[in-house]
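S.K.: So that we are looking at the same thing, I have put the structure below in structure tokens.
Numbering (our numbering), first residue to last: 7 to 337.
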């Protein structure tokens with residue numbers, strides 16, 4: 007007994023008390039929460055239920071001294087109780103049948119929020135009444151005072167035999183409500199997932215490669231131009247929208263007084279006159295011949311490159327310079 011007042015009563019002299027130890031009793035526990043838990047690997051992760059609640063009353067199997075049949079506690083005044091409910095093999099088989107391995111498997115809610123009657127062992131110290139019935143009042147009756155201690159309230163182990171509750175029966179059937187299990191197809195008595203032997207292909211590997219190459223070529227030849235045309239059309243549409251917005255912005259700026267666009271339109275553009283450009287006849291140019299006999303006005307079959315034309319001009323300039331040098335020497 008760890009109650010401070012119980013020890014004080016025992017130390018008092020002249021007080022009549024009675025002490026009871028290891029008495030079998032039934033306790034009343036208001037279950038508040040329940041969860042499904044599992045043991046460790048040493049028990050192969052065997053499931054069990056962990057229930058938590060509040061002690062509301064104790065009823066010994068044998069009447070306590072001075073006629074005490076039971077002890078009750080007010081709501082919120084009892085001790086906290088942790089109950090561990092173990093399933094037997096038959097109950098585990100029932101849980102597996104009801105979808106224990108399905109994702110939506112949950113504990114029953116109808117067993118929470120009610121009082122459970124569970125077996126326990128208790129100790130008690132009973133203080134005898136004062137023995138003065140005349141001095142008894144409604145607020146202070148002349149009754150015995152009982153101090154109770156229940157064993158293992160923090161770890162109360164029960165099962166179907168000790169508690170009398172078959173909690174497996176309260177679990178709903180999740181085998182049909184859960185996610186449907188995919189069953190392998192069976193053809194001619196053999197499952198596709200357990201097929202034995204090597205699977206024979208219907209097509210040759212070379213034929214498959216040719217067919218795949220043909221598909222890739224056709225997709226590259228037919229799909230890419232269509233994609234490019236589509237992208238080009240989109241780009242043109244966007245460009246047209248941007249050009250229209252830019253033109254609209256320019257017109258608004260030109261109409262706004264004081265802007266550079268407005269000044270240009272009022273002072274510069276208004277003074278400009280539009281005239282037709284005179285058509286000038288092309289003069290025949292003097293034919294220039296290079297060393298290879300090709301005239302400048304002749305249209306060659308193949309246009310020379312820039313490097314070739316530059317090389318020919320440099321060569322011609324060198325010849326002309328050499329001719330001028332010889333003419334000076336002759337003079």
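Where a beta carbon is used, it is the ideal one built from N, C-alpha and C, also for glycine.
(1) How is residue 50 classed by DSSP in three states: helix, strand or coil?
(2) Starting from the Cα of residue 71, find the closest Cα among 133, 267, 85 and 44 and give me that residue.
(3) Does the beta carbon of residue 152 fall short of 7 angstroms from some heavy atom of the ligand ATP?
(4) Exposed or buried, what is residue 97 when buried is set at 16 or more other beta-carbons lying within 10 Å of its beta-carbon?
(5) Quick check on residue 73: does DSSP put it in helix, strand or coil?
(6) Using 8 angstroms as the Cβ pair cut-off and three pairs as the minimum, do the region 57-73 and the region 29-42 touch?
(7) Considering residue 97, what are the terminal residues of the beta strand (DSSP E) in which it resides?
(8) Which residue from 74, 274, 42 and 180 puts its Cα closest to that of residue 89?
(9) Using 8 angstroms as the cut-off, can you tell me whether the region 169-182 makes contact with the region 94-108, which would need three or more C-beta pairs spanning the two stretches below that distance?
(10) What residues match up with residue 155 in a beta bridge as DSSP calls it?
(11) Measuring straight from C-alpha to C-alpha, what distance separates residue 185 and residue 106?
(12) Could you check whether residue 30 and residue 112 sit closer than 8 angstroms to each other, using their CB atoms as the reference points?
(13) Give me, in chain order, the residues of the same chain whose beta-carbon lies closer than 7 angstroms to that of residue 320; leave out the 5 immediate sequence neighbours on both sides.
(14) Check residue 66 in the structure and name its three-state DSSP category.
M.R.: To lay it out plainly:
(1) coil
(2) 133
(3) In terms of ligand content, the structure shown is empty, and the ligand ATP therefore cannot be addressed.
(4) buried
(5) helix
(6) yes
(7) Residue 97 -> not in any beta strand (DSSP E); alpha helix (DSSP H) instead, spanning 95-103.
(8) 42
(9) yes
(10) 129
(11) Any answer about residue 185 is weak, because its pLDDT of 45 lies below 50 and its placement is not dependable; what the coordinates show is given next. Their backbone Cα atoms lie some 12 angstroms apart in a straight line.
(12) no
(13) none
(14) strand
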